[in-house]
Amino acid sequence: MKRSGLAAFMALLSLTHNAARADIIVDLPFPGEFEGDVVTAPATPPAPPAEDTTQTQPTTTPAAPTAPVQTEYKGELTITSMSRKSGGATYKIKLQRSTILNRLEMVIEAHKLKIHSASLITESGQEVSVREFKDSRVLSTWESLTSENLNLSDRVVSIELVAESYGGAANVRLRAIGATEVPRLTLQQVIEPVAATPATPPAPTNPAPVQALPSVPNSRPEAIAKGTKIVYSGSYVGTITQVLGGGKVRATLDGYSGTHDLDIRDIGTQTACLDGLCGGYNILYSDSYSGVIKEVFSNRKARVVLDGYSGLHIVSLSEIAKSVDCHQNFCINRQAIYSNSYDATIKKLFTNGKAQVTLAGYSGMHIVSLSELASSIQCSRELCVGDSVMYNNTTKAKLLKVYSNGKVQVTIEGYSGTHMISISEISRPTRCLEGVCAGDSLMYDRTMEAKVIEVYNNRQALVTIEGYNGTHTVAISSLSKKITCASGICAGDQMMYDFTMKAKVIKVYSNGQAMVRIEGYSSTHTVSLTSLTKAVSCSKGICAGDRIVYDRTYTGKVISVFGNGTAQVTLNGYSGTHNVSVNSLVKVK
């Protein structure tokens, strides 16, 4: 009798335990970020309440062997009094010798700090974003931030950090963990943010309307009757075999033998649609798993197939989002950028603001938030795909892709690969600006002849300079335009340079300079217009062609007379010409 009572007590205990676990899904592992799918067979659910269970002995899994210790090399740099300006300042940190880095660490030593972004510049010119340092929360004193393993094969030459202090100028300690040697860090430059002039908004466009799917009305659930498919306790699917009195039904449960008497309050009957979700819909479960709805039940449960997992799974409708063609200005099969760094193609969109995407350079599918995506567009701020532009006021670049979040993908002259940069860092070409046009021959820096190749709206110009190879980026303000005449001096004039040398004007420039050829010197020279004196017919009674006596001793002839009171003469018995003061000449009658 005692044994019979003990058996009944154990059966009751098993029933209570199984009912408590009925709503818990135990067969789906938490997905790792950007990892391939792990196929895991779903665990067998516990026995239904009407059957006994057999207690099993626990098994012990042997501990995994300890991994060997890897030597790490830490280099540190302390940055004090960090900027409090909105948007953060950019801190450029140079490695004295390039090296491979394993990870970055940061500790806040005073006040509070928000990290907007961190990136590594490699020897090949590639910019690698450090994801853990992007848009961090505001970190308090002695809080730290650590990146995951960077997995770099290229040596790093510099680190760029964008950060903003809160409540006072923060001090931080930055650690770079090297793979083969101690990184030597030096703070090279701090760039404070500059308030950007708001751009004129683009003209409104009329995009093609997206057809809205009508809301699916709830279907009438099947009646509680023999043959009706049910879900019991949110976890077990079965079929009613008999309706009993007292609010009970007898049913079979899939995967279990025999029949079980169930309370109708614990079951839901199959229905076609509920809460806008129907059998056959593509869905996303728990913000992480894509799949298809197989059956919907009146107690707001659904049986689904999940991609990469075998078998069927019972889930709550509240954890399901429906697949749609377009959502929040994004559409399937469109190009986008993920996390400001990765080219993405949208494969599926869901009503909960998630998307399933493929990422360039990564295998498999990835579930991401739409807030982390920016759609690919043709033009932004009058800059369009295919444009030749100026990057960072110094380097010629070409636009490959433009995104709705103000980022662009470019190739940069002199650097391999593609680069993701902000559209605010580039300037568009224009035909003319401040009187300087593409194709103009000008004077650069008052000394060198230059030809303009392109003009940009940031007041820079791409030029070739006579005597130098390649192209050069210079400020428009450093260029002077060639003109016909200035200050009464014109191209072709015979002049006196520096009161002593005869010169011929070749070109005149708007900056008060002239290119001249000086008698007795090869090549040309650029001189100030103020150093030139123009030839005149006569001065103080001395005219060109006159016979004269110079210095009361030498006879000769006047060749030219200049407005500065000098004359060019030939003297009998002496070769060449001589520049003398007209005051030293006496005209021979």
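Letter by letter, the sequence shown follows residues -19 to -1, 1 to 570 of mature numbering (1 follows the signal peptide of the UniProt record, and there is no 0). A virtual CB, placed ideally from N, CA and C, is assigned to each residue, including glycine.
Do residue i and residue j have their C-beta atoms within less than 9 Å of each other?
i	j	result
Val138	Glu90	no
Leu423	Val389	no
Tyr437	Val370	yes
residue 581	Gly334	Summary: the structure shown does not reach residue 581, with the chain confined to residues -19 through 570, and so no result is reported for it.
Thr252	Pro202	yes
Asn560	Lys483	yes
Val383	Leu364	yes
Glu141	Ile102	yes
Tyr290	Asp247	no
Ser117	Asn321	no
Val542	Val517	yes
Ile221	Gly236	no
Ser385	Ser405	no
Ile313	Ile301	no
Ala341	Val349	no
Ile81	Leu166	no
Glu86	Ser121	no
Ser520	Gly546	yes
Asn83	Leu131	yes
Please determine, among the options, the residue with the shortest C-alpha to C-alpha distance to residue i.
i	options	result
Val296	Val218, Tyr531, Ala151 and Gln390	Val218
Ile529	Asp247, Ala548 and Phe543	Ala548
Leu287	Ile264, Gly56, Ser279 and Val561	Ile264
Ile158	Val212, Leu76 and Gly239	Leu76
Ser344	Tyr323, His92 and Glu353	Tyr323
Met63	Glu145, Glu86 and Phe114	Glu145
Gln441	Ile407, Leu381 and Lys488	Ile407
Ser468	Ile487, Val455, Gly451 and Ala495	Ala495
Lys73	Lys55, Tyr54, Met87 and Ala99	Ala99
Gly260	Val277, Lys515 and Ser269	Val277
His453	Leu166, Val433 and Asn439	Val433
Ile393	Ile402, Thr167 and Cys254	Ile402
Thr411	Val391, Gly387, Asn439 and Gly395	Asn439
Lys55	Asp368, Pro164 and Asn450	Pro164
His308	Arg78, Tyr319, Phe480 and Lys329	Lys329
Ile172	Ile457, Met346 and Gly69	Gly69
How is the beta strand (DSSP E) around residue i delimited, first residue to last?
i	result
Ser304	Ile301 to Val305
Lys382	Thr376 to Tyr384
Asn450	Per DSSP, Asn450 belongs to no beta strand (DSSP E) and is neither H nor E.
Ser459	Looking at the DSSP string, Ser459 is not in any beta strand (DSSP E), and its letter there is neither H nor E.
Met346	It is not in any beta strand (DSSP E) - Met346 carries neither H nor E in the DSSP assignment.
Val489	Met482 to Tyr490
Ile264	Asn263 to Tyr266
Ile140	Val137 to Gly159
Val433	Met429 to Tyr437
Ile295	His294 to Ser297
Arg498	Gln494 to Ile499
Glu276	Tyr270 to Phe278
Taking the alpha-carbon positions, what's the residue i to residue j distance?
i	j	result
Asp306	Ser105	40 Å
Lys95	Thr71	12 Å
residue 582	Ala325	Outside the displayed range of the chain (-19 to 570) lies residue 582, so it cannot be described from this structure.
Lys282	Ser267	14 Å
Ser459	Ile446	13 Å
Asn534	Cys524	The sequence shown places Thr at residue 534, rather than the Asn named in the question. One C-alpha to the other measures close to 19 Å.
Cys466	Glu430	18 Å
Thr332	Asn280	22 Å
Leu293	Leu225	29 Å
Ser397	Ser503	44 Å
Arg409	Val455	15 Å
Leu552	Arg427	37 Å
Val569	Gly537	10 Å
Ala378	Lys485	42 Å
Ser565	Cys413	53 Å
Glu108	Lys93	27 Å
Lys515	Thr507	17 Å
Lys463	Glu415	14 Å
Ser299	Val273	15 Å
Gly526	Gly557	16 Å
Ile60	Arg136	23 Å
Thr399	Leu380	10 Å
Val550	Ser491	33 Å
Thr181	Gly544	Bear in mind that the predicted position of Thr181 carries a pLDDT of just 35, short of 50, making it too unreliable to give a figure here.
Lys275	Leu234	17 Å
Asp421	Gly148	53 Å
Val567	Asp479	24 Å
For residue i, would you say it is in contact with chain D, using Cβ-to-Cβ distances shorter than 9 Å as the test?
i	result
Ile89	Going by chain labels, chain D is absent from the structure shown, which holds only one protein chain.
Original post:
What residue ranges within the segment 45 to 133 form continuous beta strand (DSSP E) runs of no fewer than 3 residues, ordered along the chain?
Top reply: The DSSP assignment places complete beta strand (DSSP E) segments of no fewer than 3 residues inside the segment 45 to 133 at 54 to 60, 70 to 80, 82 to 103, 108 to 110 and 125 to 127, in order along the chain.
**OP:** Please specify which runs of the beta strand (DSSP E), each continuous and at least 3 residues long, are wholly inside the segment 221 to 267, giving them in chain order.
**Re:** DSSP runs (the beta strand (DSSP E)) wholly in the segment 221 to 267: 229 to 234, 241 to 244, 248 to 252 and 263 to 266.
**OP:** Would you list, in sequence order, the uninterrupted beta strand (DSSP E) runs of no fewer than 3 residues that lie entirely inside the segment 519 to 549?
**Re:** Counting only runs of at least 3 residues, the segment 519 to 549 fully encloses the following beta strand (DSSP E) elements, listed from N- to C-terminal order: 528 to 531 and 535 to 543.
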